[in-house]
Amino acid sequence: GKGNFRHFMLKEIYEQPAVIGDTLQRYVNPLARTIEMPALPFDFATLPRLTIVACGTAYLAGMVAKYWFEQIARVPVELDIASEFRYREAPLPPGGAALVISQSGETIDTLAALRYARSQGQKILSVLNVPESTIARESDLVLPTLAGPEIGVASTKAFTTQLTVLACLAISAARARGVIDHKREGELSQALLEVPARAAEVLNHDESIRRIAYDIAEARDVLFLGRGTSYPIALEGALKLKEISYIHAEGYAAGEMKHGPIALIDENVPVVVVAPSDELFEKTASNLQEVIARGGRVIFLSDRKGAKKLGGKAAITVALPEVDSFVAPILHAIPVQLLAYHAAVAKGTDVDQPRNLAKSVTVE
Ligand code: F6R
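Sequential numbering from 1 applies to the sequence shown in my numbering.
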């Protein structure tokens with residue numbers, strides 16, 4: 001049941017500290033502060049390329065993972081949405097592997113992408129929330145997310161637990177490739193172990209995000225901007241908002257604004273900027289200034305350090321706890337979920353069962 005929550009979606013958002021913790025328990029040794037993965041069907045040390053395929057929110061988890069695999073493990077990654085990948089006839093390298101991400105394990109395009117990758121000799125690794133699913137049966141190895149059943153059509157806790165598993169996998173890939181030392185693995189593992197507590201702190205911002213969402217609910221269009229791993233989080237914010245509130249939203253890489261979309265900016269378009277204080281903060285900050293200079297109303301999602309630097313400039317600032325920038329996308333997923341949720345409630349839409357959507361997409 002929904003317990004004390006008005007909707008399954010809200011309940012599932014609030015379950016995230018606990019289910020991220022359950023997932024970490026499976027893949028992180030908290031005493032040694034090391035990652036513990038089951039034996040993989042391929043060796044990351046010699047892997048020529050990892051091909052990541054998925055749909056929707058699971059695809060956006062894959063996009064965050066692409067940044068992680070490339071940056072910390074130096075693994076070449078190709079990423080595509082399954083409905084394109086399955087028909088592209090992409091050449092895949094001998095000895096390569098495909099990483100398939102799905103909450104349900106039943107998404108037909110994702111399954112077809114898996115079958116194509118296998119036909120090209122790839123080993124199949126999947127990250128799934130339903131371990132007795134069709135995709136599970138056709139995989140060489142399943143890495144489960146321990147989110148528990150997800151009832152709300154909009155994916156929330158499945159997404160953040162996917163990110164959790166993928167972060168662990170990227171660290172173990174970095175170790176296999178010899179590009180991370182024991183000390184850094186310990187720091188990253190520690191940062192992951194602290195995510196449940198930090199996520200609980202993020203949920204304390206629920207009330208202030210609800211007030212921001214009233215504002216968003218009035219808008220016809222909303223933009224979400226981010227760079228690096230915050231770019232897929234911006235895309236996820238836009239997807240969630242469209243899906244459950246029916247407000248038109250677009251996610252953009254912040255640096256792409258001046259190549260077209262900045263023409264949309266005026267006082268009627270709220271712009272949500274996702275910018276933890278990481279290596280790219282100053283770059284995103286200058287994009288934020290450009291938006292403000294054109295009359296845009298910025299909702300700035302950052303951490304306390306970022307808020308101190310820039311908070312006064314934005315119309316509204318949400319200051320989350322400071323964390324290692326590696327885990328920041330997991331935490332920043334939560335305020336964009338809450339924004340979409342409260343905007344949908346304010347508009348009176350059917351949050352758990354949005355129109356035209358099914359929880360499990362088993363037809364093309
Ligand atoms: C968005 C959402 C969808 C799913 C997509 C893939 O909130 O839930 O975009 O992420 O349909 O579904 P799975 O993960 O079951 O393959």
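Positions of the beta carbon are idealized from the N, C-alpha and C atoms, including for glycine.
| Check | Outcome |
| --- | --- |
| Could you say if the segment 251-270 and the segment 214-226 meet the contact criterion of at least three C-beta pairs nearer than 8 Å? | yes |
| For F5, does the three-state DSSP call read helix, strand or coil? | coil |
| Identify every run of the beta strand (DSSP E) within the segment 259-336, keeping only runs that are complete inside it and at least 3 residues long; order them along the chain. | 270-274, 297-303, 316-320 |
| On the DSSP bridge assignment, give the partners of Y67 in chain order. | In DSSP, Y67 forms no bridge with anything. |
| Check each candidate in H259, V153, V75 and name the one with the smallest Cα separation from I244. | V153 |
| Considering I124, what are the terminal residues of the beta strand (DSSP E) in which it resides? | 123-128 |
| In angstroms, rounded to a whole number, what distance separates the CA positions of S119 and D109? | 15 Å |
| Whose C-beta lies closer than 7 Å to the C-beta of A344 among residues of the same chain, with five residues either side of it excluded? | I244, S245, V351 |
| Is DSSP giving P149 helix, strand or coil here? | coil |
| Are the beta-carbon atoms belonging to L371 and A65 less than 8 Å from one another? | The structure shown does not extend to residue 371, since the chain is modelled only from 1 to 364, so the question has no answer here. |
| For H248 and K242, which I take to be in contact (beta-carbon distance under 8 Å), what is that distance rounded to the nearest angstrom? | 7 Å |
| L111: beta carbon under 7 Å from a heavy atom of the ligand F6R? | no |
| Starting from the Cα of Q289, find the closest Cα among T161, I265, I72 and give me that residue. | I265 |
| Classify P354 as buried or exposed, calling it buried when 16 or more other Cβ atoms lie within 10 Å of its own Cβ. | buried |
| To which residues of the same chain is P196 closer than 6 Å at the C-beta, ignoring the five residues directly before and after it? | P17, I20, G21 |
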